[in-house]
Amino acid sequence: MELAKAYDPTQVEDRIYAFWEKNGYFKPETQIYLEPAEPQFVITVPPPNVTGTLHMGHALTAATEDLMTRYHRMKGARTLWVPGTDHAGIATQAVVEKKLAREGKDRRQMGRSAFLEEVWEFKEYSHTIITNQSKKLGMSMDWEREAFTMDENLSFAVRTAFKHLYDKGLIYRDTRMVNWDPVQLTGVSDLEAITEEDGEAGHLWTIRYPLQTNHWEGPAQDGTHEWGSGQWAEGATRFITIATTRPETLLGDTAIMVNPDDDRYKGLVGCRAILPVLGRWTPIIADEAVEMTFGTGAVKVTPAHDFTDYEVGKRHHLTFIEVLDASAKMNENAGPYAGLDRFECRKRIVADLQKEGLLVKVEDYRVRLARGERSGAVIEPRISLQWFCDMKDMGKMAGDAVRDGRIKIVPERFEKEWFRWLDNIRDWTISRQLWWGHQIPVWHVEGEKAEVKRRTTDDGRPAEYCALSEAEAYATAFKDWGPDVTLVQDTDVLDTWFSSGLWPFSTLGWPRDTEDMRKYYPNTMLETGYDILFFWVARMVMMGLELTGKAPFDTVYLHGLIRQADGKKMSKSRPEKAVDPLDMIAAYGTDALRFYLLTAGAPGNDIKVDVRVGPDGKKAVDQIEGARNFANKLWNAARFVIGKVRETGEVSEVSEGVEGVSSVKTPPDTSDTIDTLPDVWIAARTQQVVADVRRLLDDYQYGEAGKLIYEFVWNDFCDWYLELSKLSLNAPLLLHTLDTALRLLHPFMPFVTEEIWQKLKEGMRGPAFDYPALMLAPFPKPDQWSMVNGQWSIEQFTVVQEAIRAIRNMRAEYKVEPNKRIPALIGAGVWTATFTQMSEAIQMLARVDDTLRIAEQVAAPNQAVTLALGDVTVYLPMAGLVDLAAERVRLQTELGQIASQIEKIEKLLNSDFGKRAPPAVIEKEKARLADAHTKQAQIQERLQTL
RNA sequence: GGGCGCAUAGCUCAGUUGGUUAGAGUGCUGCGUUGACAUCGCAGAGGUCAGAGGUUCGAUCCCUCUUGCGCCCACCA
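Numbering (this note's numbering), first residue to last: 2 to 947.
Next comes the structure, spelled out in structure tokens:
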């Protein structure tokens with residue numbers, strides 16, 4: 002049980018993790034300590050994307066969930082934490098495509114199956130990294146239950162879920178305008194189209210379209226008025242002026258619209274404008290969608306490339322003309338601009354408009370652009386054939402689950418967002434034109450490819466089959482079409498969040514009736530960052546309610562986001578400000594990183610990580626360093642305890658829990674073994690902390706709980722109790738207190754606590770060490786006896802602490818040599834017995850010599866500093882050091898402060914406060930007043946004698 | 001356009017049912033190393049709790065408004 006002088010996490014963490022894992026301690030089946038009354042605790046990890054490595058956000062997730070898991074496991078709850086990873090459709094496909102591009106390859110040349118082989122290979126590689134990092138972080142997950150969203154059984158769950166929703170009519174296919182990512186060539190959901198809050202730098206172009214009149218019906222057709230000739234609009238006399246941020250889309254305009262109440266344009270509604278470039282006429286229509294105050298009050302309408310215009314187009318039966326292709330290049334409908342990229346086209350068309358005298362003005366303008374979440378490409382609204390999921394009823398159910406308390410969201414404020422989103426939910430675009438993902442389990446009859454909203458052919462036979470497998474689809478199709486039918490599976494894949502939505506139950510075996518499903522569903526807790534509340538949490542709740550009939554978990558705990566010191570999201574584009582958790586682990590250890598993350602803030606609040614780059618180029622974070630120091634402090638405290646216990650030889654027995662430490666339960670005045678004030682005090686303080694930590698952890702206040710343990714360990718245990726142990730040793734209690742601290746701290750800092758505990762176990766005996774590992778040992782329980790009866794000891798100890806601090810303070814003020822012992826006289830009044838008991842401790846801790854005199858009343862020496870502490874007066878007869886004049890000034894100053902304090906309290910008590918405040922509060926003030934009066938008398942008396 | 005969060009010591013942040021003496025870490029100042037720990041110890045300085053009003057005996061905390069930041073949702077071209 003030798004301990005190195007300083008704690009070195011690199012020598013410990015991997016070994017300890019391997020020890021836990023090898024022995025199967027992460028499995029619920031191997032738990033030894035179980036409390037029958039404790040409800041089981043089940044949590045499923047938010048599956049990291051198999052796109053690479055873990056970042057600080059994952060570290061926060063890991064720390065928080067491992068804390069929860071270890072706490073419940075030690076409380077005696079049957080505990081399961083299910084690990085897994087997510088195939089992350091778009092994200093992973095993008096990463097692999099980029100990788101292939103570097104190798105000069107393209108997925109379209111490779112073909113679907115060859116490409117998928119590449120992705121699977123990448124997935125394996127990424128998965129290995131993620132698994133190793135998860136273990137580095139200390140995550141106590143049951144690896145034998147690990148899941149991947151594209152595992153066979155989880156894919157089966159996806160098909161089952163799809164079929165259920167399809168058969169119920171909730172999944173349908175339609176041609177609609179969706180957000181289209183022209184780089185990834187797929188539709189994306191509303192949530193994946195990201196808009197910058199303040200928009201992006203762009204322009205607002207004001208353009209005029211000539212109107213058709215009796216004298217001008219468009220450019221002359223004789224070849225002299227070609228577009229770009231500068232004479233295109235020659236002869237036109239009347240114009241309508243519109244404003245746009247996307248001039249290239251005018252090629253697809255099929256109307257101009259104005260507000261029906263706009264007097265400026267009343268006469269023009271029904272007239273025709275001539276579309277520049279192409280020369281086709283477009284009607285001027287009236288629609289409420291137009292904001293009169295913006296721009297010119299007249300708007301171009303491009304029904305095929307804008308969400309608003311799409312709706313307008315449907316309302317007014319306009320023609321839908323697409324001018325952009327899937328990759329956002331101008332298509333054949335774009336006339337002279339066909340084949341150009343959209344932005345190139347924009348430049349040219351603006352130049353041409355100017356040439357033709359149709360450009361009125363250009364203004365700088367902040368454009369609210371939607372960009373693809375993964376590609377960053379500017380989203381182009383596009384009409385396409387997609388699969389949708391009707392969310393109305395499921396959204397209502399999910400809202401109700403929170404409304405009626407079946408699900409609790411922590412912190413509560415996110416419930417408002419929950420309701421707002423779910424109450425206004427729109428149908429979910431679930432299809433993606435990608436290759437990596439779950440292919441939609443619908444088989445179309447070849448030659449009868451399903452049209453919009455049409456599942457049957459003209460003769461009433463099904464045109465498509467939704468099935469759990471191709472064989473099943475064929476089996477059904479044979480009945481309708483005969484043996485010659487050929488089925489073709491839909492080429493789209495599902496949005497990655499579709500499978501994530503099944504996660505809490507698909508990981509347990511759903512839809513099969515597995516033992517895990519019966520035992521561990523619903524989950525207890527869902528923990529994740531608030532940024533995916535809608536993406537993920539809402540979808541799980543909706544899917545869970547719809548498919549299993551149960552809310553998939555009781556509680557949703559949302560943690561904040563990790564940010565850079567400037568408050569921005571950590572990004573790879575600014576590597577100097579970003580932090581890699583592995584670097585932090587290498588520098589400070591996992592425990593330090595975890596403790597920092599857990600105590601850095603409050604639930605749901607973001608954490609800003611302030612990085613310093615050292616002279617060696619290495620990154621440093623002061624707060625993590627502080628947590629590292631704490632681990633070392635604990636380590637050295639343990640080193641001391643072990644050394645002390647060994648010195649005493651005999652004592653090496655520690656009992657389990659507080660129950661067993663008989664001396665702690667014994668009143669201080671009757672015990673043979675533990676009758677000192679410090680012993681009773683530390684036992685009582687321990688119980689207080691245990692009770693508070695449990696209360697805070699049960700209330701999700703993890704940061705507060707961590708800080709409490711930190712203060713207890715560092716201040717109470719190390720600075721006071723260990724110091725006092727040097728005077729008189731109570732080995733069993735010392736060990737017991739350390740053991741309790743280790744147990745409290747284990748969920749926060751699993752490695753260092755387990756390592757110390759194992760060292761103790763090597764050399765100690767007793768029921769406390771009957772468990773094979775700290776992680777399987779019981780979490781401390783508060784003991785009412787010690788708390789109630791310890792209160793008195795805490796009061797006594799506090800008075801002594803104050804006296805010691807006051808003496809130290811004076812020594813520092815008078816610059817007394819640190820090692821020099823000084824005389825002291827203490828008039829302790831009602832505390833005389835307490836101080837007498839603690840006289841040796843006072844001598845040691847305040848460096849007082851053996852002439853120390855303690856009595857109810859002591860005669861004040863002439864040459865002395867006086868410390869008025871209320872009931873207690875301390876005189877320090879520091880001959881030669883005390884300047885009586887200076888001492889007089891010091892006491893006068895203090896007297897002044899006390900006088901003003903007395904005045905303040907008296908004024909308060911004489912005000913309405915004295916009549917209306919609760920008696921307890923008034924009593925407290927009266928006590929303070931009495932204390933101040935005592936001090937005042939002490940000082941006045943002293944001043945008179947001086 | 002609607003909604004939410006934050007503003008507390010130089011810095012990073014706690015402060016959950018409103019009690020008059022607002023805390024921690026870190027940084028800063030002074031002193032200190034014969035063994036638990038210098039990744040340390042002792043002591044100290046440092047805050048009109050963003051601003052204004054209101055409710056209350058009493059407000060960092062509750063209400064209203066203002067200012068400054070951050071974020072979410074929404075079809076102002």
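Glycine included, every Cβ here is placed at the ideal spot set by N, Cα and C. This structure is a prediction, so every number in the text was calculated from the model and none was measured.
Suppose you measure from the CA of residue i to the CA of residue j; what does that come to, to the nearest Å?
{"i": "G25", "j": "M75", "result": "15 Å"}
{"i": "A290", "j": "N260", "result": "7 Å"}
{"i": "R349", "j": "A339", "result": "12 Å"}
{"i": "L359", "j": "I285", "result": "18 Å"}
{"i": "E345", "j": "K569", "result": "32 Å"}
{"i": "T591", "j": "M585", "result": "8 Å"}
{"i": "Q387", "j": "A327", "result": "14 Å"}
{"i": "T242", "j": "I563", "result": "48 Å"}
{"i": "T54", "j": "Q759", "result": "32 Å"}
{"i": "R640", "j": "L4", "result": "6 Å"}
{"i": "E249", "j": "K267", "result": "27 Å"}
{"i": "N606", "j": "A335", "result": "50 Å"}
{"i": "D152", "j": "T93", "result": "16 Å"}
{"i": "V873", "j": "Q937", "result": "12 Å"}
{"i": "V51", "j": "W121", "result": "10 Å"}
{"i": "L423", "j": "S432", "result": "21 Å"}
{"i": "S385", "j": "D496", "result": "16 Å"}
{"i": "S156", "j": "Q689", "result": "50 Å"}
{"i": "G229", "j": "H216", "result": "22 Å"}
{"i": "T508", "j": "L775", "result": "28 Å"}
{"i": "M111", "j": "A539", "result": "37 Å"}
{"i": "Q939", "j": "A804", "result": "15 Å"}
{"i": "V612", "j": "K620", "result": "6 Å"}
{"i": "D493", "j": "V189", "result": "12 Å"}
{"i": "T935", "j": "K578", "result": "56 Å"}
{"i": "C272", "j": "Q222", "result": "22 Å"}
Quick one, which of the options has its alpha-carbon nearest residue i's?
{"i": "D307", "options": "I380, T835 and T894", "result": "I380"}
{"i": "W832", "options": "K520, A856 and E145", "result": "A856"}
{"i": "M541", "options": "F123, F321 and V159", "result": "V159"}
{"i": "P862", "options": "I923, L947, P553 and D932", "result": "L947"}
{"i": "I643", "options": "D693, M765 and R809", "result": "M765"}
{"i": "W636", "options": "E418, D496 and E755", "result": "E755"}
{"i": "A19", "options": "A931, L138 and A706", "result": "L138"}
{"i": "P37", "options": "A63, H73 and K6", "result": "H73"}
{"i": "T129", "options": "L885, F149 and E118", "result": "F149"}
{"i": "L599", "options": "L319, A860 and E705", "result": "E705"}
{"i": "K417", "options": "V403, T458, T867 and R427", "result": "V403"}
{"i": "V875", "options": "T894, V922, Q844 and L826", "result": "L826"}
{"i": "I899", "options": "L548, R174, D67 and A931", "result": "A931"}
Have a look at the DSSP bridge pairing and note the partners of residue i.
{"i": "E364", "result": "L205"}
{"i": "H445", "result": "E465 and V489"}
{"i": "L386", "result": "T176"}
{"i": "G188", "result": "W181"}
{"i": "P284", "result": "R273"}
{"i": "R564", "result": "K570 and K609"}
{"i": "D87", "result": "N50"}
{"i": "A194", "result": "G373"}
Q. When the Cβ atoms of the stretch 492-506 are set against those of the stretch 464-477, are three or more pairs found closer than 8 Å?
A. no
Q: Check whether the stretch 520-533 touches the stretch 33-43, taking contact to mean three or more Cβ pairs, one atom from each stretch, closer than 8 Å.
A: yes
Q.
Ignoring anything shorter than 3 residues, give me the beta strand (DSSP E) runs that lie fully in the stretch 27-53, in order along the chain.
A. 42-45
Q: Can you check the stretch 230-272 for any alpha helix (DSSP H) of at least 4 residues that lies completely inside it and give the ranges in chain order?
A: none
Q) What alpha helix (DSSP H) runs, 4 residues minimum, are completely inside the stretch 822-899? A) 833-838 and 840-846
Q: Let me know the alpha helix (DSSP H) ranges lying completely inside the stretch 566-639, each 4 residues or longer, listed in chain order.
A: 582-589 and 591-600
Q.
Using a Cβ distance threshold of 8 Å, determine whether the stretch 538-557 contacts the stretch 399-416, with at least three qualifying pairs required.
A. yes
Q. Would you say the stretch 201-208 touches the stretch 361-376, given that touching needs at least three Cβ pairs under 8 Å?
A. yes
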